[in-house]
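Please read the structure below before turning to the comments.
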Amino acid sequence: MTVVALATAAPVAHASAPRGAGGFTIGLGLGLGVQTLSPDDGDSESEFGLAGLNLRIGGFLSPNLAILFKVTGTVVNRDVTGGEATYTHAMGGPAVQYFFNDRLHLDLGAGVSALRAEAKVETPRGDFNISVDDNAFGVLGGLGYIVGQSGEHALLLSLELGAGLHDDGNAYSTGFVVNWQWL
Numbered sequence: 006m007t008v009v010a011l012a013t014a015a016p017v018a019h020a021s022a023p024r025g026a027g028g029f030t031i032g033l034g035l036g037l038g039v040q041t042l043s044p045d046d047g048d049s050e051s052e053f054g055l056a057g058l059n060l061r062i063g064g065f066l067s068p069n070l071a072i073l074f075k076v077t078g079t080v081v082n083r084d085v086t087g088g089e090a091t092y093t094h095a096m097g098g099p100a101v102q103y104f105f106n107d108r109l110h111l112d113l114g115a116g117v118s119a120l121r122a123e124a125k126v127e128t129p130r131g132d133f134n135i136s137v138d139d140n141a142f143g144v145l146g147g148l149g150y151i152v153g154q155s156g157e158h159a160l161l162l163s164l165e166l167g168a169g170l171h172d173d174g175n176a177y178s179t180g181f182v183v184n185w186q187w188l
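Here our numbering is used: the first residue of the sequence shown is 6, the next is one more, and so on.
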């Protein structure tokens, strides 16, 4: 029965890879983002800001599959009592990048979700800066499309996602990013 199933199975089509994909790869990106803080108690808040400097570095195991270290995140300003605070949500960790064809790819990974809030507090005794940091487990992903390529240089548009599972709630980053990647 197993032999019949294997013999009649449709052959798997081999996906085409982007030109030049192989060996070392590195990429940088910058764009616009949305950061959502979803506390365990209370309402979620979303703010627009920057999709921070995205970085990917690694190597191709095959023309379609790369193992990467990837960093992605967002930076936004939020109104707080007495002023404004800057919130940075960064995700970093190992990831895989898979090309479905010569243009479309998916990144998936897991690692550290770092959330930092910084504010300048004005008091009658003077101004001072405060910051709060929290690190937790997080997952990251991205869907990218090569819009242009010259040799090993590729220009990509991507949707970058990150989710951090923090103690008092979750942090989510969504970035719409323009990337350069050496394939």
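Backbone N, C-alpha and C define an ideal beta-carbon position, used for all residues, glycine too. Fair warning: this is a prediction, and the values are worked out from it, not measured in the lab.
Exercise. Mind checking Arg130: buried by the 16 CB within 10 Å criterion, or exposed?
Worked result: Mapped onto the sequence shown, residue 130 falls at position 125. By the neighbour-count rule (16 or more Cβ atoms within 10 Å), Arg130 is not buried but exposed.
For this session: Tell whether a beta-carbon distance below 7 Å holds between Glu165 and Gly147.
Result: Here residue 165 is taken as the residue at index 160 of the sequence shown, counted from 1. Here residue 147 is taken as the residue at index 142 of the sequence shown, counted from 1. Cβ distance < 7 Å, so Glu165 and Gly147 count as in contact.
Exercise. To which residues of the same chain is Val9 closer than 7 Å at the C-beta, ignoring the five residues directly before and after it?
Worked result: Counted from its first residue, the sequence shown places residue 9 at position 4. Since pLDDT at Val9 reaches only 41, below the 50 mark, its modelled position is unreliable, and the value read off the structure follows with that caveat. Correct list: empty, nothing qualifies.
Problem set entry | Assigned exposure category for Thr128 - 16 Cβ within 10 Å defines buried | Here residue 128 is taken as the residue at index 123 of the sequence shown, counted from 1. Label assigned to Thr128: exposed.
Exercise. Once you ignore the five residues that flank Gly27 on each side, which residues in its own chain have a CB closer than 7 Å to its CB?
Worked result: The residue labelled residue 27 in the question sits at position 22 within the sequence shown. Within the same chain, Gly27 has close Cβ partners Phe65 and Pro68.
Exercise. Does the beta-carbon of Asp112 have 16 or more other beta-carbons within 10 angstroms, so that it is buried, or is it exposed?
Worked result: As a first step, residue 112 must be located in the sequence shown, where it is residue number 107. It is buried - the Cβ of Asp112 has at least 16 other Cβ atoms within 10 Å.
Problem set entry | Check whether Tyr177 and Thr41 have beta carbons under 7 Å apart | By 1-based counting over the sequence shown, the position of residue 177 is 172. By 1-based counting over the sequence shown, the position of residue 41 is 36. Yes, they are a contact pair.
For this session: Go ahead and label Thr13 buried or exposed: buried means 16 or more other beta carbons lie within 10 angstroms of its beta carbon, across all protein chains shown.
Result: The residue labelled residue 13 in the question sits at position 8 within the sequence shown. Only weak support exists for where Thr13 lies, its pLDDT of 40 falling under 50; the value from the coordinates is given anyway. Exposed, because fewer than 16 other Cβ atoms sit within 10 Å of the Cβ of Thr13.
For this session: Return the CA-CA distance between Asn140 and Val117, expressed in angstroms with no decimal places.
Result: By one-based count along the sequence shown, residue 140 stands at place 135. By one-based count along the sequence shown, residue 117 stands at place 112. Each residue's Cα considered, the two are about 7 Å apart.
Exercise. Rounded C-beta distance between Leu33 and Asn184? I'm assuming under 8 Å.
Worked result: Counted from its first residue, the sequence shown places residue 33 at position 28. Counted from its first residue, the sequence shown places residue 184 at position 179. With 8 Å as the limit, Leu33 and Asn184 qualify as a contact, their Cβ atoms being about 7 Å apart.
Exercise. Is Gly114 closer than 7 Å to Ala95 when the C-beta atoms are compared?
Worked result: For the purposes of this step, residue 95 is taken as the residue at position 90 of the sequence shown. For the purposes of this step, residue 114 is taken as the residue at position 109 of the sequence shown. No, Cβ-Cβ distance for Ala95 and Gly114 is not below 7 Å.
Problem set entry | Given Ala56 as reference, the closest of Gln186, Trp187, Leu162 and Ile135 once Cα atoms are compared | Working through the sequence shown from its first residue, we reach residue 56 at position 51. Of the candidates Gln186, Trp187, Leu162 and Ile135, the one whose C-alpha sits nearest the C-alpha of Ala56 is Leu162.
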